[in-house]
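Enquirer: Counting in the working numbering, the sequence shown runs from 97 upward without gaps.
Backbone N, C-alpha and C fix where the C-beta goes; we use that ideal spot for every residue, glycine too.
This one's a predicted model, so the numbers in the text were calculated from it and none came from an experiment.
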Amino acid sequence: MADKIKRMLIANRGVPAVRIIHTCRDRGIPTVAIYSTPDRLAHHVMMADKAVHIGEAPPAESYLNMEKIIDAALETKSDAVNPGWGFLAENADFAQMVIDSGLKWVGPNPKVIRIMGDKIEAKRLAQKANVPTIPGISDVQDVEQITQWMDAEGVDYPIIIKAAAGGGGKGMVKVADAAELPMALAQARSEAKKSFGSDVLLAEKYIERGRHIEVQIVSDNFGNVFHLFERECTLQRRNQKIIEEAPSPSIDENIRHEICFTAVRLMREIAYNTAGTVEFIFDSSTKKFYFLEVNTRLQVEHGVTELITGLDIVGLMIDVVEGSELALKQEKIHMNRWALEVRVNAEDPKTFSPSFGTITRLQVPTGPGVRVATGVYEGADIPPYYDSLVMLLMTSGRTRDGAIKVMDRTLSRNFRAEGVKTLAPLLLSIIRHEAFKRGEFSTRFIENHLDELVSTFRETDSQDEVLKIAKYVAEITALGPQEWM
């Protein structure tokens, strides 16, 4: 039995850092935040028990500076490092540095992170574990190689070219026909080199009307592997998720059983430990699913799984790193409701361009069936150097329709942010769209419906409030003195 964690350094900022601090407070574990110069007054800094200045604004000087983070952990007498999601969460070198420094790493084995970070190797391991994979070719060198593969396997356009070391929607280029292939190959290679430092590529059949379904796994160091059911993460903009829900409205009980136990089989095969997610793409026309990747970290959307199962995934990760055997039984893990999550990013909802500045007004939603994971407060700055996520809004209900109604109330009546633009108007338009309500959507939903979604925006700001008051005063003045005055 390993020692209990005495102090945890959180190698992150914003929403993930705040989320982890909440569970640490429940456990009585003191926390240490790290911060860059523009984040000195950030929400996660104020919440933690201690905070260490880590460097200047650029991530390479602060949140990606591995040596400084390790030094901060040792100086504050922390004995564990939790990376959250993003930044160094899936960096095998950092995980190994943490362990080599005598600290506990709140995540899977660095070897597993390294293997699963290589899409080609991950696909090979999935095939070894008898997990269905998308028809594809690895280590792509030229156009001729792709053409020969397509002819040999009878693969038709569209296809997708991906960075082997990719993630987060970067280094991925869809190819609609043969004429686009040379340019697409050059673009994918350039993006891969720029984003990941490696221009190794793979090509795969592009699944039209595909749906992203991921299975949440938790496992320990005693050979126990459990699934916590699936999440639907199909609604994306620019290959990045924007709305997630659990369970998935796309599959029936038979497919649910098959996809969840396929994920368990893969994680057992690679000896995975702690929390992780197996992502699949589901072809709704053929009802077949294919392996995409393993996310070797806590997922942004883990909260919807916590809502439907009543489990604390961050807490389970702490149990594993402290050496405990997970006190779970698969047959005792049940889904008892439906949950939705929307990502409220500081972006222009029409163009998705970042919106930075000071949040001059913030009304955080409350009420039955609402859970909020926020990384900001009223008066906080949204700096231009990092991810634009402001908060995660989650709602739950007995049924999917119930969860959607609570989300409608949350976005339309209870949430307000001024000073920066957010995706809230777009998110509200999506959940009110009839196709979304029917569960009929694919990864191209936003792309295909953007003009229609934007046309429904009802944007209001403090100027509208002033005009409303002025109009009311004018009406009263025109009526003359009233009895109630």
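Report yes if the C-beta distance between residue 469 and residue 111 is below 8 Å; otherwise report no.
Expert: Translated into positions along the sequence shown, residue 469 becomes position 373. Translated into positions along the sequence shown, residue 111 becomes position 15. Yes, Cβ-Cβ distance for residue 469 and residue 111 is below 8 Å.
Enquirer: Round the Cβ separation of residue 450 and residue 480 to the nearest angstrom and send it over; I've been treating them as touching at under 8 Å.
Expert: On the sequence shown, residue 450 is found 354 positions in, with the first residue counted as 1. On the sequence shown, residue 480 is found 384 positions in, with the first residue counted as 1. Yes, they are in contact, since the Cβ atoms of residue 450 and residue 480 sit about 7 Å apart, within 8 Å.
Enquirer: Residues in its own chain within less than 6 Å of residue 476 by CB, not counting five upstream and five downstream?
Expert: Translated into positions along the sequence shown, residue 476 becomes position 380. Counting only Cβ-Cβ distances below 6 Å, and skipping sequence neighbours, we find 455.
Enquirer: Taking Cβ to Cβ, would you say residue 200 is nearer than 8 Å to residue 172?
Expert: Taking the sequence shown and counting its residues from 1, one reaches residue 200 at position 104. Taking the sequence shown and counting its residues from 1, one reaches residue 172 at position 76. Against a cut-off of 8 Å, the Cβ pair of residue 172 and residue 200 comes out as no contact.
Enquirer: According to DSSP, simplified to helix, strand and coil, what is residue 110?
Expert: Sequence index remark: in the sequence shown, residue 110 carries index 14 (1-based). Looking at residue 110 - three-state DSSP - the assignment turns out to be helix.
Enquirer: By a C-beta neighbour count over all protein chains shown, 10 Å radius and 16 as the cutoff for buried, is residue 179 buried or exposed?
Expert: Within the sequence shown, the letter at position 83 stands for residue 179. Per the 10 Å Cβ criterion, buried.
Enquirer: Starting from residue 341, follow its DSSP beta bridges and name the residues at the other end.
Expert: For the purposes of this step, residue 341 is taken as the residue at position 245 of the sequence shown. Paired residue(s): 328 and 436.
Enquirer: Along the alpha helix (DSSP H) that carries residue 220, what are the first and last residues, could you check?
Expert: Looking up residue 220 in the sequence shown gives position 124. It spans 215-224 - the alpha helix (DSSP H) in which residue 220 sits, taken as one unbroken run.
Enquirer: Determine, using beta carbons only, whether residue 129 and residue 106 come nearer to each other than 8 Å.
Expert: Locating residue 129 in the sequence shown gives position 33, where the first residue counts as 1. Locating residue 106 in the sequence shown gives position 10, where the first residue counts as 1. Cβ distance < 8 Å, so residue 129 and residue 106 count as in contact.
Enquirer: In three-state DSSP terms, what is residue 256?
Expert: Along the sequence shown, one-based indexing puts residue 256 at 160. Three-state DSSP puts residue 256 in a strand.
Enquirer: Name the DSSP beta bridge partners of residue 299, please?
Expert: In the sequence shown, residue 299 corresponds to position 203, counting from 1. In DSSP, residue 299 forms a bridge with 233 and 257.
Enquirer: Between residue 535 and residue 243, what straight-line distance do the alpha-carbon atoms span, to the nearest angstrom?
Expert: Here residue 535 is taken as the residue at index 439 of the sequence shown, counted from 1. Here residue 243 is taken as the residue at index 147 of the sequence shown, counted from 1. Those two C-alpha atoms are separated by around 36 Å.
Enquirer: Where does residue 537 fall in DSSP's three states?
Expert: On the sequence shown, residue 537 is found 441 positions in, with the first residue counted as 1. Coil at residue 537, not helix or strand.
Enquirer: Using only CA atoms, which one of 427, 418, 482 and 404 lies nearest to residue 442?
Expert: Stepping through the sequence shown from its first residue, residue 442 is reached at position 346. Checking every option, the nearest Cα to that of residue 442 belongs to 482.
Enquirer: Determine, using beta carbons only, whether residue 234 and residue 261 come nearer to each other than 8 Å.
Expert: Your numbering for residue 234 matches position 138 in the sequence shown. Your numbering for residue 261 matches position 165 in the sequence shown. No.
Enquirer: Nearest to residue 459 by alpha carbon, out of 440, 237 and 444?
Expert: Counting from one through the sequence shown, the residue named residue 459 turns up at place 363. Nearest of 440, 237 and 444 to residue 459, Cα basis: 440.
Enquirer: Thinking C-alpha only, which one of 493, 411, 421 and 281 is nearest residue 104?
Expert: To locate residue 104, count along the sequence shown from 1; it is residue 8. That would be 411, whose Cα lies nearest to the Cα of residue 104.
Enquirer: Using a Cβ-Cβ cutoff of less than 8 Å, which residues in the same chain neighbour residue 209 once the five nearest sequence positions on both sides are dropped?
Expert: Position 113 of the sequence shown, counted from the start, is the residue given in the question as residue 209. These residues qualify, in order along the chain: 186, 187, 188, 191, 203 and 392.
Enquirer: Give me, in chain order, the residues of the same chain whose beta-carbon lies closer than 7 Å to that of residue 329; leave out the 5 immediate sequence neighbours on both sides.
Expert: For the purposes of this step, residue 329 is taken as residue 233 along the sequence shown, with counting starting at 1. Taking residue 329 as the centre and dropping the five residues before and after it, the same chain places the C-beta of 308, 310, 337, 340 and 397 closer than 7 Å to its C-beta, in chain order.
Enquirer: Does residue 592 pass the burial test, meaning 16 or more other C-beta atoms within 10 Å, or should it be called exposed?
Expert: Lying outside 97 to 581, the shown extent of the chain, residue 592 is not represented and no answer is given.
Enquirer: What are the start and end residues of the beta strand (DSSP E) that includes residue 387?
Expert: The residue given as residue 387 occupies position 291 in the sequence shown. Residues 384-391.
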